[in-house]
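Its first residue numbered 839, the sequence shown is counted upward by one per residue in the numbering used here.
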Amino acid sequence: MALVVQKYGGTSVGTVERIKNVAKKVMAAKQRGNEVVVVVSAMAGETNRLLALAQQISELPDERERDVLLASGEQVSSSLLSLAIKDLGQPARSFLGHQVRIETDKAYGKARIKSIDSTRIKRALKAGEIVVVAGFQGVDEEDNITTLGRGGSDTSAVAMAAALQANVCEIYTDVEGVFTTDPGICPKARKLDRISYEEMIEMASTGAKVLQIRSVELAKNFAVPVHVRSSFSEAEGTWVIEEDKSMDSVLVSGVTYDKDEAKITLLKVPDRPGLAAQIFSPIAEAHIVVDMIIQNASEDGTTDLTFTVSKADYKKAISLVEKTASAIQAKGIKVDPNIAKVSIVGVGMRTHAGVAAKMFRVLAREGINIEMISTSEIKISVVIGEKQMERAVRVLHEEFIEKQGNL
Ligand code: ASP
Ligand code: MG
């Protein structure tokens, strides 16, 4: 008998009708002879509604209480789904994070799962029940309720699949799978049949929204096969799996974008050991994540240093950098929130030279100026003006994916 973990996102459980539809799908999986554990998100819009409530009371809500509040969204959807399954005559049981001891660290709002006690789940499965688990939530070692960060139910589902050694973790969502790029920008985008964990991690970290990045990291670490598919059709979606030989014949699997970053430049920073540390330490202490950094070689004893942070953090980052800039006698700072990062991702880059050169040629042909570049083994990202983002995505998709192959 196979054990299947299914995760349904907010739109899939967004209305009572949709919850009833999910109950039927879950029941069908059970009737095919599987043991079924379902992880649910809150009903669509609910987490935002709850967040807004907290913010009406306090501009910066206490993190512990905010997590108690946010976790209630998944309590509602897990009980409603369990009810709907029972209504079809199939035994089911819902569990909250603390009831199956999804233990996390203490980082409210972005907690990491440390362990799951599967005893009660296994007992329920053995009794023939469908198990419905509230996603996105856990408890720390002192039983405080924690949440896993936006999109965290994906991670709950993969962690559950790893803990139960499930045969597959199916992520049901409102799109048909993982696409080569955003079909809203590029109508020729197509669904991928398969993608490697590593590519999916890069795609998620450069802007693809379909899976929470931590869920993919976890899937990779525990070799959980993930099947991303639509809850509104029976069609096969995208398998996120271990890389195999056939994958590196494809140069680029996806083109992603991220409009959520802003760029900060420190002008004429004296070229002395320790200054980069002095600039970035206060930013790190404020828990601001820095994405790209570039620094030029200096000729006159000073150098410009540019980096990007998310738009949400950039005002805070500026105030920190302003302080450092005057302390180290930099010439000043320049900021630009109107940027976008466009990336191409593919394991084929490992074995093929010239991918970056081609990317830059394509952008040059379009008159698109590149402001920053960063690369990993299987990814090239460029920062460009926000206004040119959509065109960049379309031409890169055309050259690398529609035409496929030749450099
Ligand atoms: N409900 C949470 C959110 O909206 C978690 C999730 O949907 O995965 O972010
Ligand atoms: Mg999601």
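Cβ atoms here follow ideal geometry from the backbone N, Cα and C, with glycine treated the same way.
Residue i, DSSP secondary structure in three states
i, result
"residue 1142", "strand"
"residue 965", "coil"
"residue 1120", "helix"
"residue 1097", "coil"
"residue 950", "coil"
"residue 1159", "helix"
"residue 1179", "strand"
"residue 1210", "strand"
"residue 1112", "coil"
"residue 984", "strand"
"residue 979", "coil"
"residue 1133", "strand"
"residue 1171", "strand"
"residue 970", "strand"
"residue 1164", "helix"
"residue 940", "strand"
"residue 1105", "strand"
"residue 1128", "strand"
"residue 945", "coil"
"residue 935", "helix"
Residue i CB to nearest heavy atom of ligand 1 below 7 Å
i, result
"residue 820", "What is shown of the chain runs 839 to 1245, which leaves residue 820 out entirely."
"residue 1069", "no"
"residue 880", "yes"
"residue 885", "yes"
"residue 927", "no"
"residue 935", "no"
"residue 911", "yes"
"residue 1118", "no"
"residue 976", "no"
"residue 1170", "no"
"residue 973", "yes"
CB-CB length for residue i against residue j, believed under 8 Å
i, j, result
"residue 978", "residue 943", "7 Å"
"residue 1228", "residue 1023", "5 Å"
"residue 881", "residue 927", "Wrong, their Cβ atoms sit about 24 Å apart, outside the cutoff."
"residue 1053", "residue 993", "4 Å"
"residue 1247", "residue 1121", "Nothing about residue 1247 can be read from this structure; the chain reaches only from 839 to 1245."
"residue 967", "residue 930", "6 Å"
"residue 1065", "residue 1006", "6 Å"
8 Å Cβ cutoff met for residue i and residue j
i, j, result
"residue 1224", "residue 1178", "yes"
"residue 876", "residue 846", "yes"
"residue 1216", "residue 1187", "yes"
"residue 1010", "residue 1068", "yes"
"residue 1058", "residue 1039", "yes"
"residue 998", "residue 1051", "no"
"residue 1180", "residue 1230", "yes"
"residue 1146", "residue 1097", "no"
"residue 1163", "residue 1113", "no"
"residue 990", "residue 1015", "no"
"residue 1075", "residue 1018", "no"
"residue 970", "residue 920", "yes"
"residue 843", "residue 867", "no"
"residue 1141", "residue 1173", "no"
"residue 916", "residue 878", "yes"
"residue 934", "residue 907", "no"
"residue 1194", "residue 1171", "no"
"residue 905", "residue 947", "yes"
"residue 976", "residue 923", "no"
"residue 1235", "residue 1027", "yes"
"residue 1210", "residue 1130", "yes"
"residue 1158", "residue 1115", "no"
"residue 1055", "residue 1185", "no"
"residue 1151", "residue 1132", "no"
"residue 1139", "residue 1094", "no"
"residue 1149", "residue 1099", "yes"
"residue 1220", "residue 1208", "yes"
"residue 986", "residue 949", "yes"
"residue 936", "residue 1089", "no"
Ligand 2 heavy atom lying under 7 Å from the CB of residue i
i, result
"residue 1075", "no"
"residue 987", "no"
"residue 992", "yes"
"residue 847", "yes"
Closer than 8 Å to chain C by CB, residue i
i, result
"residue 1203", "This model lacks chain C altogether, as it is built from one protein chain only."
Closer than 7 Å: residue i CB and nearest ligand 4 heavy atom
i, result
"residue 931", "Among the ligands in the structure shown, ligand 4 does not appear; only ligand 1 and ligand 2 can be found there."
Checklist entry - If you scan the segment 1006-1090 from start to end, which runs of the beta strand (DSSP E) of 3 or more residues do you find wholly inside it? => result 1006-1011, 1032-1034, 1064-1068 and 1076-1079
Next on the checklist: To test your reading of the DSSP string, which unbroken beta strand (DSSP E) runs of 3 or more residues are found completely within the segment 841-916?
Outcome noted: 841-846 and 873-878
Next on the checklist: Ignoring anything shorter than 4 residues, give me the alpha helix (DSSP H) runs that lie fully in the segment 1183-1235, in order along the chain.
Outcome noted: 1193-1203 and 1227-1235
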